[in-house]
Each structure stands twice: as C-alpha cells, then as structure tokens.
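Numbering of the sequence shown is given in this note's numbering, commencing with residue 4 and proceeding in unit increments. The structure appears below as structure tokens.
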Amino acid sequence: MAGQLEQLLAKAQQPTTVAVIVALLIVAITTRLFTGAPESGSKGAHTAAKPGYYAPFLGHVPQMSLNGDSFLAGLREKYPQGIVSLLFMGKTHSIVYKPSLATPLMNKPHSVADESFVSKRLCLTNFGFKKSDLDLFQVFWDEVGKAYNIMLSGEGLANLVETTATSLKSSIADFVTFNAYPSDQAEWERMAEADVVEHNGEQYVEAELMGLTKNFVAQTANPALMGTDFCKNFPEYPKYVWDFDAGFVLMAMGLPSWLPWWPLQRAQASKRRQLGCLDEYHEALDKWSKGEEPGHRWENLDDISILQKERVRIWEKHNVPVSVRAAADLGLVWAMNANSSPLVYWMLLHIYKDTVLLEQIREEIAPYIKGVQPTNLFGTGISIPPKLETFDIEGLTTKCPLLKSSYVETLRLYVSAWSIKYVLKDTTLGRGDDAYVLSEGTYAHAPHDLHQLDPKYFPEPHEWQPRRHVKEVMGEDGKITITADMGSIRPYGGGAYMCKGRAFAMRELMMYTAAIVTMYDIRRPEGQEWFVPKTTKQAASRHPTKEMKVWIKRRPQPDEE
4 MAGQLEQLLA
14 KAQQPTTVAV
24 IVALLIVAIT
34 TRLFTGAPES
44 GSKGAHTAAK
54 PGYYAPFLGH
64 VPQMSLNGDS
74 FLAGLREKYP
84 QGIVSLLFMG
94 KTHSIVYKPS
104 LATPLMNKPH
114 SVADESFVSK
124 RLCLTNFGFK
134 KSDLDLFQVF
144 WDEVGKAYNI
154 MLSGEGLANL
164 VETTATSLKS
174 SIADFVTFNA
184 YPSDQAEWER
194 MAEADVVEHN
204 GEQYVEAELM
214 GLTKNFVAQT
224 ANPALMGTDF
234 CKNFPEYPKY
244 VWDFDAGFVL
254 MAMGLPSWLP
264 WWPLQRAQAS
274 KRRQLGCLDE
284 YHEALDKWSK
294 GEEPGHRWEN
304 LDDISILQKE
314 RVRIWEKHNV
324 PVSVRAAADL
334 GLVWAMNANS
344 SPLVYWMLLH
354 IYKDTVLLEQ
364 IREEIAPYIK
374 GVQPTNLFGT
384 GISIPPKLET
394 FDIEGLTTKC
404 PLLKSSYVET
414 LRLYVSAWSI
424 KYVLKDTTLG
434 RGDDAYVLSE
444 GTYAHAPHDL
454 HQLDPKYFPE
464 PHEWQPRRHV
474 KEVMGEDGKI
484 TITADMGSIR
494 PYGGGAYMCK
504 GRAFAMRELM
514 MYTAAIVTMY
524 DIRRPEGQEW
534 FVPKTTKQAA
544 SRHPTKEMKV
554 WIKRRPQPDE
564 E
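Here it is in structure tokens:
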C-alpha cells in the first residue's frame, strides 16, 4: 500500500502532471472570473442574475450533480428576487422559485412556453415507446390528455373514489391479519416482512411501516383504476412499480441500458415485467371491447374505471397497437402509485409520533368514520375483527381541517415536483419593475420544493407542522369557519400539465389515513422511540433512507347494534 502511494505521489510530481493540474486550475479560475453577471435593467423587465461557474460549457452542471438541493437553496438565499439564470451544457436555464413568477410561468400558453417535450422524452426513455411510435402519439395524445379530466370531477372522479372506498372498507380489517405464517398473510404483509409478537400479554404485528402502507394502498386502490382482474392476476405488480420508480431519474437521463448500475438495471428489468403484464391486459381488453372471449383470467373486465373505458375507446378509434397501449398505461399506473401511495407512510408516521395530534384527529374525524365490533356468533374460538360502518369521504375531506392540513403539510415537505418549459418566444414573468425576461430558445424551470422549503414563507421549513395551514375564514353570515388549503405551494405542478390525479390523490391519502388511524394503534417496538428518517429524493417524492419497524394492534370498537 505504501509503495502504491509513493508511486502515485511520484506521478503527481512529474512535470506533465503538474502542468495539466496548473492548466486546469487556470481555466477554472479564469472561467469563474469572467462568467457571471448581476441582474440587469433598471426600469421595466429585468434580465435575471447569472452566477459564475468554473467549468466552460458544463457551466453549473458540477454543482447540480454534487448537491443540487444545497446549491439551489443557496441561490435562493443569495438571489431573493425569485429567479436566477444558470448554464447547463451550453444552454441557458432559468430557475424560477418565487410564486409570483412561477405561477405565470406555468400558465404560459404552449405557443409561448411548451412542456410537451418532457412527456415525449419520458415516453422514449422510461415508458417503452419507440421513436416510430411518436407520430401516432401526436395523433391520440390530445384526446388522452382530455380523458384525464375524468379524474378531476364528476362521474369519473366519483367512480374512482367510491370504488376505492368500497375496497378499503372491505380490506381494512386485513391491514394486519395477525397470522404468523407468510402463506396465511395478505400480500402487503409479506412485502413488509410482518410477524406476530407478544409483549405484556398483548399481541402485536411487527412490520416495516413504509412497505406495509404503500403496498396496502396500491393493492387496494389499483382495482378502482385497472379493474379487479388486473390486480388479481398480477399481485406482484406494485413491487415492479417501486423498483421502477427508484431508477426513474436514471432512466430519464438517457443512460445506456447496459450500464452496470444496479438501480438502473433493476428499473429496466421492472419496466420489462410491467410491459409484459400490460401487454396481456390490453390483449384481453381488446377482445373484451370487441365482444370476444378474453380468456378465463379476464372474466371481470366490466369493472375497469370510466377513465380506462374511455382510453380503450381512444385506442380502438386510432387503431393503436397493444404495445403502445401498454406503454401508455405503464406511465399511468406508475403515476397513480409512485407519487401518492408512499405519502400515506409519512402522514401516519408524523400523526402517530405526536400523541396529542393523534387524539385530536381521531376526535375530529369521528363523526365521519366509525368502526364497530360485529357480533361474534361463532364462540370464543373464532376471532371476528372490527369493521368500518360509517365512511363519509365528503365529510372527511371538507370538514376535517386538521386532517387536511396534515395532508397539505405532508405534500409540502415530501413532494418534490419540478416543472420544465422550453421558451418558444421571448416573454416576461411578473409585472412592472418586478418583471423578468425569458428569451426564446432557453429553458425555464420551477422546482416547486424550493418555495415549499423556503424559511421566508414557512418558518422551520424542515419541520412537519400541520397547524401552519389551518385558517379561520369568515363567511358572509359572519360565522367563522376553520379550514385548510394549499396556500402558495404547488406540489402537483401547474398549468395545463398540472397532475390530473390530484383530486383523487387528496381523497385517497385522507381516506386511507383516517381509516388506519380509526382502526389501529401503532407504536414503536419496546425500547425504541419514534424518529423521522433522513430522506432521498426520487422522481416526485421523498423516501426514507432507513426502515421503520412498528408494532400494530387493533383498536377496540363499540359493539355493532
């Protein structure tokens, strides 16, 4: 080892090596001295400040690669105007983080600032489209985009919510089954390595909280979108989604599929498995829609969502190949699961960690969700679990401000939406002396978590404090109503490409959290304290870097009348 170190030092001291190092230092220092510019323009629209950089052409890529979150947070503090201009690979990229500038950016029409190039790129890098499919993509994409509005309101949203609520009511008793053998457990318990433990004469289920909750949500909510046959035939599908999501950003970067990087390889393998499942699904849907027999594995396709039925109509209208239908649904199912299911974990962790808040939320939601203990007609030898009797989703989402503020705070802290636009025409953001120019041929980004974690707007921004979103609103009759809303945060993005599933996601997160809080007590194993794990950022949300084992038991419920 000492000999290798001596050889390395000797090489470093060679004239050629020294000359190269000196030359690189000179280039870096010179580049830093002659790059960067302050904000310009004294009246009217300004040009955003340009921080200096050390690497020609690469610009600010090294800083973003090493620690992008810290780099951008530093720029936010240094440039409080809300916009800064960076250089990536020779291209100008404006970073916009002030709400008064980000909102008009998101609302720019496609003819001025377009974001469709992002969707097209992801179709190629992540979702399994081929370049030859893009012409067909252009033909049907507008119709598919309009179909997503089904999820925002009306019958389509009501159908998704009602079907999910029915599934949750029938499954909540099996959130943990108290079965010690994996063969007798629910799929989500096996994925969380659940086991039965006893302490002081009480029985608990020990499980990993993230694995349990995200798989429970996925397994019980997906039937509302994809139908029961899909979930029955592919019970392992959620695992493919999690592996795919963990490597999503690497795939979006366009890294070669042969690169021996485990998260990338696992994501590629998961994509292939998902496409295989979806190919079979769409072959069956195609036969079903034509009145043909889809096969014994697909006998209940009538219960697919209204959204899926509309998408099937569009596929048939444009004669879209099964492989393209599968690729389109890969993106749909990924978005439904990866961006919302893990957030239930964060809501539960923070609520159960705060015993006062836990009891306040239980009291608040009690009029709208109620569990009961069914009468046991089979004797003491058979245990009958409690069930949900009352489940008023509308009441939970509109009359429970503390629960809703917990949802909003979870989005603020753990969702990392990032909107990108390509500027097609010179345009401005803001008004008067606070206006800034975006030049044609440049890119504009709105990393929404830069605002969500800004201490000027949210004191102690890295602390989960749900009450910061609770507000008193005076009605026309003079009565004060307690409410909670998003305020200035935009966790679902903005503009025409704002997440179309946001209305369903809100109801989903609140109903699952309310059901679990009502039916179960959750604590840390004996001798262990609650903690908030450090996080790692994935495609759209933050995930814990450390597992959280918990003990779970059923809460006593009043007898059924």
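Just so you know, even glycine gets a beta-carbon here, dropped at the ideal spot from N, CA and C.
Whole-angstrom distance between L89 and Y56, CA atom to CA atom: In the sequence shown, residue 56 corresponds to position 53, counting from 1. In the sequence shown, residue 89 corresponds to position 86, counting from 1. C-alpha separation (whole angstroms): 9 Å.
With 16 other Cβ atoms within 10 Å as the buried cut-off, status of F60: Here residue 60 is taken as the residue at index 57 of the sequence shown, counted from 1. Per the 10 Å Cβ criterion, exposed.
Burial state of Q277 (16 or more Cβ within 10 Å): Start at 1 with the first residue of the sequence shown, and residue 277 comes out as number 274. In this structure Q277 is buried. Its beta-carbon is surrounded by 16 or more other beta-carbon atoms within 10 angstroms.
At the level of alpha carbons, what is the spacing between M513 and P54? Taking the first residue of the sequence shown as 1, we reach residue 513 at position 510. Taking the first residue of the sequence shown as 1, we reach residue 54 at position 51. Note on geometry: alpha-carbon atoms of M513 and P54 lie some 42 Å from one another.
Apart from the five residues on each side of it in sequence, which residues of its chain come closer than 8 Å, Cβ to Cβ, to K552? Start at 1 with the first residue of the sequence shown, and residue 552 comes out as number 549. Around K552: E209, A210, E211, L212, R527, P528, Q531.
Could you name the residues of the same chain whose beta carbon sits closer than 7 Å to that of T548, not counting the 5 residues immediately before and after it, in chain order? Numbered from its first residue, the sequence shown carries residue 548 at position 545. Cβ within range, chain order: P536, K537, T538, T539.
Starting from the C-beta of M194, find all residues in its chain whose C-beta is less than 6 Å away, skip the five residues before and the five after it, and write them out in chain order. Here residue 194 refers to the residue found at position 191 when the sequence shown is read from its first residue. Closer than 6 Å at Cβ, skipping near neighbours: G214, N218.
Within the continuous alpha helix (DSSP H) that includes Q311, where are the two ends? Here the question's residue 311 lines up with position 308 in the sequence shown. Annotation: the continuous alpha helix (DSSP H) that includes Q311 extends over 309 to 320.
Report the rounded CA-to-CA distance for K14 versus A105, giving the unit in angstroms. To locate residue 14, count along the sequence shown from 1; it is residue 11. To locate residue 105, count along the sequence shown from 1; it is residue 102. Since pLDDT at K14 reaches only 48, below the 50 mark, its modelled position is unreliable, and the value read off the structure follows with that caveat. A direct Cα-Cα distance of roughly 51 Å separates K14 from A105.
Counted within 10 angstroms of its Cβ, other Cβ atoms place F132 as buried (16 or more) or exposed: For this step, residue 132 is matched to residue 129 along the sequence shown. By the C-beta density criterion, F132 is buried, having at least 16 other C-beta atoms within 10 angstroms.
Around the Cβ of I492, are there at least 16 other Cβ atoms within 10 angstroms (buried) or fewer (exposed)? Start at 1 with the first residue of the sequence shown, and residue 492 comes out as number 489. Buried, because 16 or more other Cβ atoms sit within 10 Å of the Cβ of I492.
Best match in P112, I86, W265 for proximity to P102 [C-alpha to C-alpha]: Start at 1 with the first residue of the sequence shown, and residue 102 comes out as number 99. That would be I86, whose Cα lies nearest to the Cα of P102.
Between which two residues does the beta strand (DSSP E) holding M477 run? Counted from its first residue, the sequence shown places residue 477 at position 474. Segment 473 to 477, the beta strand (DSSP E) holding M477.
Express the C-alpha separation of D72 and P450 in angstroms, rounding to a whole number. Against the sequence shown, residue 450 aligns to sequence position 447. Against the sequence shown, residue 72 aligns to sequence position 69. About 10 Å.
Helix, strand or coil for F140? Go by DSSP, reduced to three states. Position 137 of the sequence shown, counted from the first residue, corresponds to residue 140. DSSP places F140 in the helix class (H, G or I) of the three-state scheme.
Can you tell me the Cα-Cα spacing of W261 and L405, whole angstroms? Taking the sequence shown and counting its residues from 1, the one referred to as residue 261 is at position 258. Taking the sequence shown and counting its residues from 1, the one referred to as residue 405 is at position 402. If I take the Cα positions, the gap works out to 49 Å.
Beta-bridge pairing of L212 - partner residues as DSSP gives them: In the sequence shown, counting from the first residue as 1, residue 212 sits at position 209. None; L212 has no bridge partner.
6 Å CB neighbourhood of F237 in its chain, flanking five on each side removed: What you label residue 237 is simply residue 234 of the sequence shown in a count that begins at 1. C280, listed in sequence order.
Residues near S544 by beta carbon distance below 7 Å, same chain, minus five either side: Residue mapping note: residue 544 aligns to position 541 of the sequence shown, counting from 1. The answer, listed in chain order, is N342, P345, L346, Y417, V418, S419.
Output yes or no for whether 8 Å exceeds the beta carbon distance between A224 and L391. Taking the first residue of the sequence shown as position 1, residue 224 is located at position 221. Taking the first residue of the sequence shown as position 1, residue 391 is located at position 388. For A224 and L391, no; Cβs fall outside 8 Å.
Whole-Å CB distance - L441 paired with P107, under 8 Å assumed: The residue given as residue 441 occupies position 438 in the sequence shown. The residue given as residue 107 occupies position 104 in the sequence shown. Actually they do not touch by this definition, with Cβ atoms about 10 Å apart.
Determine whether the beta carbon atoms of I317 and N162 lie at a separation below 8 Å. Counted from its first residue, the sequence shown places residue 317 at position 314. Counted from its first residue, the sequence shown places residue 162 at position 159. Cβ distance not < 8 Å, so I317 and N162 don't count as in contact.
Span separating the alpha-carbon of A506 from that of N340: Locating residue 506 in the sequence shown gives position 503, where the first residue counts as 1. Locating residue 340 in the sequence shown gives position 337, where the first residue counts as 1. Going by the C-alpha atoms only, they are around 14 Å apart.
Spatial neighbours of N152 within its chain, please: CB distance less than 6 Å, with the 5 preceding and 5 following residues excluded, ordered by chain position. As a first step, residue 152 must be located in the sequence shown, where it is residue number 149. Residues of the same chain with a CB within less than 6 Å of the CB of N152, apart from the 5 flanking positions on each side, do not exist.
Close beta carbons around P241, own chain, < 7 Å, minus the five adjacent residues each side: As a position in the sequence shown, residue 241 is number 238, starting the count at 1. So the list reads N218, A221, Q222, N340, once near-sequence residues are dropped.
Below 6 Å CB to CB, which residues in the same chain sit around H285 once its five sequence neighbours on both sides are set aside? Residue mapping note: residue 285 aligns to position 282 of the sequence shown, counting from 1. Around H285: V325, R328, A329.
CB contact flag (P389, Q560, <8 Å): Within the sequence shown, residue 389 is the residue found at index 386, counting from 1. Within the sequence shown, residue 560 is the residue found at index 557, counting from 1. Yes, Cβ-Cβ distance for P389 and Q560 is below 8 Å.
Less than 8 Å separating the beta-carbons of D452 and H472? Here residue 452 refers to the residue found at position 449 when the sequence shown is read from its first residue. Here residue 472 refers to the residue found at position 469 when the sequence shown is read from its first residue. Taking 8 Å as the cut-off, the beta carbon of D452 is found no closer than this to the beta carbon of H472.
Please determine, among A58, G481, N110, the residue with the shortest C-alpha to C-alpha distance to I29. If you number the sequence shown from 1, residue 29 lands on position 26. Ranking A58, G481, N110 by Cα distance to I29 puts A58 first.
For R557, which of S68, H448, L360, V179 has the nearest alpha-carbon? Within the sequence shown, numbered from 1, the residue matching residue 557 stands at position 554. R557 has its Cα closest to that of V179, out of S68, H448, L360, V179.
Taking the alpha-carbon positions, what's the M509 to K134 distance? Counted from its first residue, the sequence shown places residue 509 at position 506. Counted from its first residue, the sequence shown places residue 134 at position 131. About 35 Å.
In whole angstroms, what separates the C-alpha of W421 from that of H448? The residue given as residue 421 occupies position 418 in the sequence shown. The residue given as residue 448 occupies position 445 in the sequence shown. Cα to Cα, W421 sits roughly 7 Å from H448.
Give the secondary structure of L391 by DSSP, where H, G and I count as helix, E and B as strand, and everything else as coil. On the sequence shown, residue 391 is found 388 positions in, with the first residue counted as 1. Reduced to three states, the DSSP call for L391 is strand.
V426 lies in the beta strand (DSSP E); which residues open and close that run? By one-based count along the sequence shown, residue 426 stands at place 423. Run containing V426: 421 to 426, per the beta strand (DSSP E) assignment.
Three-state class that DSSP yields for W337 in the structure shown: Taking the first residue of the sequence shown as 1, we reach residue 337 at position 334. If DSSP states are grouped into helix, strand and coil, W337 belongs with the helices.
How far does the alpha helix (DSSP H) with P450 in it extend, from its first residue to its last? Numbered from its first residue, the sequence shown carries residue 450 at position 447. Per DSSP, P450 belongs to no alpha helix (DSSP H); it is in the beta strand (DSSP E), 446 to 450.
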